[in-house]
Amino acid sequence: MTSTAVQARSIIAGAEGDIADVAAATTAAAEAFVSYRATTPEQRAAFLEAIADEIESDRDAIVEAAVAESSLPQGRIAGEVGRTTGQLRMFAAVVRRGDHLGVRIDPALPDRAPLPRADIRQRQIPLGPVAVFGASNFPLAFSTAGGDTASALAAGCPVVVKGHPAHPRTGNLVARAIGRAVAAHDLHAGTFSFLLAADPRRGVELGQDLVQDPRIKAVGFTGSRGGGLALVATAAARPEPIPVYAEMSSINPVVVLPGALAEGDVAALATAYVGSLTLGAGQFCTNPGLIFLPTGDAGDAFLAVTGAAVAETIGQPMLTPGIAEAYATGTATLRGTDGVRVVASGSEGGEHAPAPMVTEAPVTMLVQEDSAVASEVFGASGVVVRYDSVEELLPHLASLEGQLTATVHYAPADADAARALLPVLEDRVGRILFNGWPTGVEVGHAMVHGGPFPATSDSRTTSVGSLAIERFQRPVCYQDLPAELLPEAVRDDNPWGLARRVDGVLEDRA
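Quick note on numbering that gives the first Met the number 0: the sequence shown kicks off at 0 and runs consecutively.
Okay, here's the thing in structure tokens:
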């Protein structure tokens, strides 16, 4: 397959209606990399802030388009605009602070015995052009100007976005806003490009072409396991393999400990669970798809309230007909699996708005090969598993695939059980919550939105939060370079005022 196999509508630096192919966008990105990587922290930070400003200037049009294309409510989309601009500004602050450069300086020790030490300095540099794949369920925060784009641009990498066919107008509007910021800051036009297959059915081919292109040096992806693994395979098969940071699938187990039921409000806890399960038609990667519930009267009461609440729900429109069809297939599989009992099902809300559903299954079904109980059903479908003791539960938790999150509902009487749970959960997930619900990811410096495979393709990374910038960098060491040739970040006079580790000791900023 050649890079010209798929024709696409392309926006390069915001020009409307340009016709270009993958090669045109990646060539422009490679040319832009030379100058964009050399921008100062202040220049790059100001550019990120300008993108946020431009998106906000088009807020009304963007919200209108995203609501029409996604069927998500206006309040949700408006909040997503704020999250998108907020993370752009967060990365601007990260760039100005400069910690992501990880500067280390080991000064020369010419008189050290038995051997002298050379002058050795290290910093992180950007990888090169990054391909970003827009997500279906977040038309803004995980798409054209989302976290992958923001963190890659913050690292100094030009970005080529493959827009999602579920929200093409939204993607175009955001791409134009980014393009205006590119032009206003006199950056190379290839700093940002937006590609959308002229025929949506050819989108997969366009994406494969993009990842195969030798000018692309890394990939950010949020979507299905099948789609993510296909890109991982393509990237690994290149003459020069590249990293793919794919966030793919998760059922986000919730463990309700006995004390949480004995000492808490069982009805309120069950109602909150149904609210989290059905939020946004269940179309969150952190949706609580599996809940572990103690056997006994308190657990029975929780399940009764859950069933009553689910029975009153009405399905919400899903993002695309394909997603609704996949949900129908997944829930039908659960219904048809021996040993699985339907606790309750809500009502359909119209076309592509299937009914929420909660089922119950024995804990032993988790370890069955290709278990439907432990498989993700993207949408408002939850499986309840009853357990007799934490000791019984631990090996079943350890058998789960990697997940984005795990949640524990806890009371002080559960302290010993919680201590036993924590190391098992740490091995399985990227984020552990207590007495909350996993939907709703905070964008900040301590957040981890990642986890062991297959939640992500690289468990060492996060796609949300300031640490996400590290995916698009690599370390370079400079030994005995003449002072006049040293990059600014590692010069003795520290012109950028960075916090640096000198001879192993973290120094204050200049």
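Every residue, glycine too, gets a C-beta built ideally from N, C-alpha and C.
Please identify the residue among the options whose C-alpha is closest to the C-alpha of residue i.
i, options, result
"Thr190", "Val181, Ala196, Asp198", "Val181"
"Gly429", "Ala498, Phe452, Leu420, Thr312", "Phe452"
"Leu505", "Leu71, Arg58, Ile104, Val93", "Ile104"
"Ala310", "Pro481, Val342, Leu268", "Val342"
"His184", "Glu469, Glu48, Glu400", "Glu48"
"Leu186", "Gly206, Cys156, Pro199", "Cys156"
"His448", "Gly503, Val407, Gln402, Gly329", "Gln402"
"His395", "Met446, Arg418, Leu424", "Leu424"
"Ala414", "Val94, Gly202, Pro257", "Pro257"
"Ile215", "Gly222, Gly206, Thr221, Ser223", "Gly206"
"Thr312", "Ala297, Ser380, Leu318", "Ser380"
"Leu71", "Gly85, Leu278, Asp110", "Leu278"
"Asp20", "Ser142, Val129, Ala196", "Ala196"
"Glu391", "Tyr409, Ala419, Thr38", "Ala419"
"Pro320", "Met89, Ala112, Ser135, Phe46", "Ser135"
"Val33", "Asp110, Phe46, Pro128", "Pro128"
"Cys284", "Gly222, Leu432, Leu393", "Gly222"
Count the other C-beta atoms from every protein chain shown that fall within 10 angstroms of the C-beta of residue i, then say buried if there are 16 or more, exposed otherwise.
i, result
"Asn434", "exposed"
"Ala217", "buried"
"Leu209", "buried"
"His351", "buried"
"Gln282", "buried"
"Glu246", "buried"
"Gln73", "exposed"
"Gly133", "buried"
"Leu114", "exposed"
"Ile468", "buried"
"Arg499", "buried"
"Leu108", "exposed"
"Gly503", "exposed"
"Met0", "Summary for Met0: the model assigns pLDDT 30, below 50, so the residue's position carries little reliability; its value from the coordinates is reported in the next sentence. Per the 10 Å Cβ criterion, exposed."
How many Å lie between residue i and residue j at the Cα?
i, j, result
"Arg340", "Ser346", "18 Å"
"Leu421", "Ile177", "42 Å"
"Leu485", "Pro238", "32 Å"
"Ala300", "Val265", "7 Å"
"Gln121", "Ser458", "25 Å"
"Gly162", "Val383", "36 Å"
"Arg536", "Glu359", "The structure shown has nothing for residue 536, since the chain only spans 0 to 509."
"Ala22", "Ala31", "14 Å"
"Gly378", "Arg179", "36 Å"
"Leu126", "Gly348", "46 Å"
"Val255", "Val407", "6 Å"
"Leu260", "Trp436", "16 Å"
"Asp59", "Ala151", "26 Å"
"Gln472", "Ala269", "44 Å"
"Leu497", "Gln42", "16 Å"
"Ile241", "Pro287", "32 Å"
"Ala91", "Ala482", "29 Å"
"Glu487", "Ala117", "19 Å"
"Ser275", "Asp52", "32 Å"
"Asp491", "Arg36", "21 Å"
"Ala325", "Ala331", "10 Å"
"Gln478", "His99", "21 Å"
"Pro510", "Arg508", "Lying outside 0 to 509, the shown extent of the chain, residue 510 is not represented and no answer is given."
"Gln123", "Met446", "21 Å"
"Phe137", "Pro316", "15 Å"
"Gly295", "Tyr272", "19 Å"
"Gly314", "Ala323", "11 Å"
"Gly81", "Ser142", "14 Å"
So residue i packs on residue j, CB below 8 Å; how close in whole Å?
i, j, result
"Ser249", "Glu441", "Ser249 to Glu441, Cβ: 17 Å. No contact."
"Ala144", "Ile54", "6 Å"
"Thr404", "Asp212", "So it is not a contact: roughly 34 Å between Cβ atoms."
"Ala416", "Glu262", "Going by Cβ atoms, the distance from Ala416 to Glu262 rounds to 13 Å, so no, they are not a contact pair."
"Leu289", "Pro252", "5 Å"
"Gly170", "Phe193", "6 Å"
"Arg168", "Ala64", "4 Å"
"Ala373", "Pro353", "Actually they do not touch by this definition, with Cβ atoms about 21 Å apart."
"Pro164", "Gly202", "5 Å"
"Ile76", "Val62", "5 Å"
With distances taken between CB atoms, is the gap from residue i to residue j smaller than 7 Å?
i, j, result
"Val475", "Val102", "no"
"Ala511", "Val243", "Because residue 511 is not part of the residues shown, which for the chain are 0 to 509, the question remains open."
"Gly78", "Pro40", "no"
"Asp147", "Val173", "no"
"Met364", "Gly338", "yes"
"Val520", "Ser398", "Because the chain in this structure spans residues 0 to 509, residue 520 falls outside the shown range and cannot be described."
"Ala44", "Thr83", "no"
"His444", "Ser462", "no"
"Leu318", "Ser69", "yes"
Got a sec: does the ligand ATP put a non-hydrogen atom nearer than 6 Å to the Cβ of residue i?
i, result
"Lys161", "For the ligand ATP, the structure offers nothing, since it holds no ligand at all."
Does any C-beta atom of chain C lie closer than 7 Å to the C-beta of residue i?
i, result
"Gly281", "You won't find chain C in this structure, because it holds only one protein chain."
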